[in-house]
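Under this note's numbering, the residues of the sequence shown are numbered 1 to 215, in order.
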Amino acid sequence: MIIPLHSTVSRRTALRGFGVVGLTAAAGLFATSQAHAASDLVVIDQKGTGPWGPENCGPTSAVIALVAAGRRVEHYVSGADGSAKGGNSRAVQEMRARCGLSPWEDPAVKTVDYTGAYLEDLEAGIRDTDGTATHSLFKEGLEASAHGSVVILHVHHGRLLGEDADYGHFVVAQGEDADGNLLVSDPGRAQEIGITGYSREHLRQARQGDATIVS
1 MIIPLHSTVS RRTALRGFGV VGLTAAAGLF ATSQAHAASD LVVIDQKGTG PWGPENCGPT
61 SAVIALVAAG RRVEHYVSGA DGSAKGGNSR AVQEMRARCG LSPWEDPAVK TVDYTGAYLE
121 DLEAGIRDTD GTATHSLFKE GLEASAHGSV VILHVHHGRL LGEDADYGHF VVAQGEDADG
181 NLLVSDPGRA QEIGITGYSR EHLRQARQGD ATIVS
């Protein structure tokens, strides 16, 4: 199940995590009357977000999660412009700095000696943006997202997509579709698939690490 690239499904008129609610997407791009939890997921492409774009799934996911949780992210660009490649470059680069991955004065420099990021880095950046980040086990994160919470999941990207790729990756989950699949915004495949529904079992099989619940 794939939601059109530029749609944003709103949960704000629904009770998060209770009963069966209807969803209505911005501009009418997507709607279902049988989803179990609504979602405010947005699409942001990690590509085009600066010199560390290929590694920026973490800070990009942090921006996606904060926006979905209703937090203000400085320099965030909404809509089609924001979901385009490079559309949220400044917001992601500043999140890199908040996560301690690059210095504020020079986003071309890394302040860590590893590739990508750890969940703990993302949690630091989220808290620095006045969000709440609660570290959890992967399974707990899946259940929280099914009930409407915004959750960053650490997955094996190849197993998630069914591709021959071997690396860890961060995605953001929130809510379910009409079939009970968890809705996932993938910054590494923003232009190709937008927001996609995956079964809990598929996501469990793709598990690489833990999860972080964002509010």
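For every residue, glycine included, the Cβ atom is placed at its ideal position computed from N, Cα and C.
Cut-off 6 Å between Cβ atoms - residues of its own chain near residue i, not counting five sequence neighbours on either side
i, result
"GLN93", "GLY50 and PRO107"
"ALA211", "SER136, PHE138, GLY141, VAL151 and LEU153"
"ALA27", "Here ALA27 scores only 22 on pLDDT, less than 50, and its place in the model is too uncertain to base an answer on."
"GLU105", "none"
"SER145", "VAL151, ALA173, GLN174 and LEU182"
"ILE195", "ILE3, LEU41, LEU183 and SER185"
"GLN34", "Here GLN34 scores only 30 on pLDDT, less than 50, and its place in the model should not be relied on; the value that follows carries that caveat. ALA178."
"VAL77", "GLY87 and ASN88"
"ALA190", "VAL43 and ASP45"
Beta carbon of residue i nearer than 8 Å to that of residue j
i, j, result
"GLU143", "HIS135", "no"
"LEU182", "GLY197", "yes"
"GLY116", "GLY86", "no"
"GLY209", "LEU119", "yes"
"HIS156", "GLY168", "yes"
"SER215", "ALA69", "yes"
"GLY100", "PRO59", "no"
"ASN56", "ARG96", "yes"
Spatially closest choice to residue i from the options, by CA coordinates
i, options, result
"ILE213", "LEU66, THR60 and GLY48", "LEU66"
"ASP81", "ILE44, TYR167 and PHE170", "ILE44"
"VAL73", "ASN56, ARG98 and ALA84", "ARG98"
"ALA62", "GLY79, ASP121, ASP40 and ILE193", "ASP121"
"THR132", "ASN56, ARG71 and ARG207", "ARG71"
"VAL171", "ILE193, GLY100 and ASP164", "ILE193"
"TYR187", "SER83, GLY79 and HIS75", "Tyr is not the amino acid found at residue 187; the sequence shown has Pro there. Cα-wise, what sits closest to PRO187 is SER83."
"GLU201", "GLY180, ARG127, ALA190 and ARG189", "GLY180"
Close-in-space but distant-in-sequence residues of the same chain around residue i (CB under 7 Å, 5 per side omitted)
i, result
"ARG159", "GLN205 and ALA206"
Own chain partners of residue i with C-beta closer than 8 Å, once the 5 adjacent residues on each side are dropped
i, result
"ALA165", "HIS157 and GLY158"
Under 8 Å: do the segment 108 to 116 and the segment 134 to 148 share three or more Cβ pairs, one atom per stretch? no
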